Amino acid sequence: MSDLELVSYITEENKRRKKRRIVLTKLYFESVVLGYAYLSSQRAPRNLGCFSSDEQQHNNRKYLLKEMYDGSEVTCYDKLRLTKRNFHDLCAILRERCGLRDRVYISVDEKVAMFLLVVGHGIKLRMLRGTYKRSLETISRHFSDVLTAILSLSVEFIKLPDPSTQPPDDYKWKWFGNALGALDGCHVDVCVPPADQGRYRNRKQQITTNMLGVVDWKMKFLYVLPGWEGSASDSRVLRDAMSHNNGDHAQNGWKPHVYNAAIRNVREKCGVEITKDNIAARCKTFDKHYEIISKILAQSGFGWDWDNDRLLIDSDDVWNRYVEANKIAACYKTKVVKNWDAISTIYSKDHANGEGAQTGAESAQVPPEQGDHASPDLPQKRQRTGEAILSLLGDMKTSFNDSLKSNEPLPVPSVTPPAEIFATLQTIPDLARCDMLKSYGKLILNERLFQALMELPMDMRKEWLLMLNEKNGN
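Those letters in the sequence shown? Residues 1 to 474, per UniProt numbering, in order.
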């Protein structure tokens, strides 16, 4: 190869290498740009669509609450005053024993977390509304649900102190040898509607409720009676505490654990979910039935049809006269009321029967009863003092539980069979067929009329039946 050809070859080789370097450099920069674009797209937030304001609030609320009870141990204890394990154990107990359930937009954990924020730090419900974007009604309802569930567990986790008859070994108590404790009243400020403020205004012109408390030697509470108006005197509250033992009765119905037991039994036996409001409404309906029907049955000319669960009426005239004086009973002429025997058993103890009824002024003037063997010369026995304190503690057994556990049916009133009534009418001489049928239709509805017929001599029965038919016919 000549020198000229060698120079030409080297020149062409240099051009090819230069083009190759340009192409490789271009490919390198393109790959770097593509890699950077790929990494940038992976780090960028994904487009999940546009959230509405409600969805955004719901997600923020779940994040804030979940951060408390599923975050660090220190954060959970500082905000909820419980460790993470204790918090989740409490939620599990409320689900299993108290019937709390998760809802569409809120879980049991979130309900309990908001409840603990209020009771642990005294946070106002309005502060929770601003933080968690819920209405006051919703927060208050969930707070009441958790509070009711926790109160129902008081029987299992709270042990009441036993009243001790032995005073502590302290010289200050030697002057109270026969005492079991101390009691006093306390006025607590309350907020009531303007229409009720007059009853709750005490002698210092403050709106309060008068609460009675009893403590033992160690200053532990044995009994508390809240609910009385501030205008009530201490002696009136004490007299009410010593004369009444409501057991599971509360001021406005039943205590929380009674409602929870009823809800649990209905769910297990009938497979139906009910609430406290359903039970309260049904109790009011049964109470109304008992009040009206018991007054009707106390009148002459009425009875109860145990087969059809409705009233037996002697005649339309009797019913019309009763309805004129009692307009509210007009709808009970053909109304079917099932389980009347159970209703009368439960609610008969909650209504006054007229025996020993007194007004407030009369009851205030009645002196306290003294025992037949009481003597002013003898010191007061320790046994009777103990009974007075024990009567304040309550019996914890109520007519509600007893009526649910009782399986003994009520005795059905004796009714004369229609065949016997018809046979008796056939023995009356010279009684026409139409008169016999009219009398038969009346006697099978009223047992007292048949008893009155049987008390008459045979020669007077026909005339009495004809007079009865003419009276009702007119």
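For every residue, glycine included, the Cβ atom is placed at its ideal position computed from N, Cα and C. Quick caveat: nothing in here was measured; it's all calculated off a predicted structure.
Taking 8 angstroms as the cut-off, decide whether the C-beta atoms of residue i and residue j are in contact.
i	j	result
A113	L65	yes
T209	P194	no
R310	V336	yes
S99	I263	Note on residue identity: the sequence assigns Gly, not Ser, to residue 99. Result yes, Cβ atoms of G99 and I263 sit closer than 8 angstroms.
L80	L116	yes
V237	Y223	no
S152	N260	yes
I328	I292	yes
L90	L82	yes
Whose CA, out of the options, lies closest to the CA of residue i?
i	options	result
M436	Q451, P457, E455, R461	R461
R126	T416, L136, L117	L136
N60	I346, T131, S8	T131
I150	T138, Y223, V119, I139	V119
V192	I207, N278, K124	I207
K333	I343, D341, F302	F302
I313	A325, Q299, M219, K84	Q299
Y290	S439, T427, S344	S344
H142	L153, V74, I106, S152	I106
R134	Y9, Q56, E67, T275	Q56
D184	F176, M211, Q426	M211
T416	Y440, M219, L466	Y440
T424	L445, M458, R267	M458
D277	W254, I158, L34	W254
E73	Y63, F87, K62	F87
D216	N446, I22, G198, A182	A182
K471	V318, L27, V33	V318
D316	L34, M454, K442	K442
N469	I158, A342, A330, K438	K438
K111	G177, S140, K218, D170	S140
D170	F157, R129, K218, H187	K218
A342	C283, V323, L39	C283
T285	W340, R239, N320	W340
K295	N308, N326, N178	N326
A432	A330, L456, E463	E463
Can you give the beta carbon distance from residue i to residue j, rounded, assuming they're within the 8 angstroms contact cut?
i	j	result
D102	Y69	In fact, because the Cβ distance is near 14 angstroms, the residues do not count as touching under 8 angstroms.
H257	V155	6 angstroms
D430	Y347	That pair is no contact at about 50 angstroms.
W306	L297	At roughly 12 angstroms, the Cβ-Cβ gap does not stay under 8 angstroms, so W306 and L297 are not in contact.
Per DSSP, which residues does residue i bridge with? Please list them.
i	result
A182	V215
D305	R310
Y223	V214
T345	In DSSP, T345 forms no bridge with anything.
H88	Answer is none; H88 lacks a bridge partner.
I207	R201
E277	In the sequence as displayed, the identity of residue 277 is Asp instead of Glu. DSSP lists no partner for D277.
H187	N210
W228	N210
Is any beta-carbon of chain B found at less than 8 angstroms from that of residue i?
i	result
L34	Protein chain content of the structure displayed is limited to a single chain, and chain B is not contained in it.
At a cut-off of 7 angstroms, would you count residue i as near the ligand ZN, judging by its Cβ distance to the nearest heavy atom?
i	result
R81	What this structure holds is no ligand at all, so the ligand ZN is not there to describe.
Segment contact flag, the region 227-240 with the region 195-202, C-beta cutoff 8 angstroms, min 3 pairs: yes
Given 8 angstroms, three or more beta-carbon pairs between the region 419-429 and the region 447-458: yes
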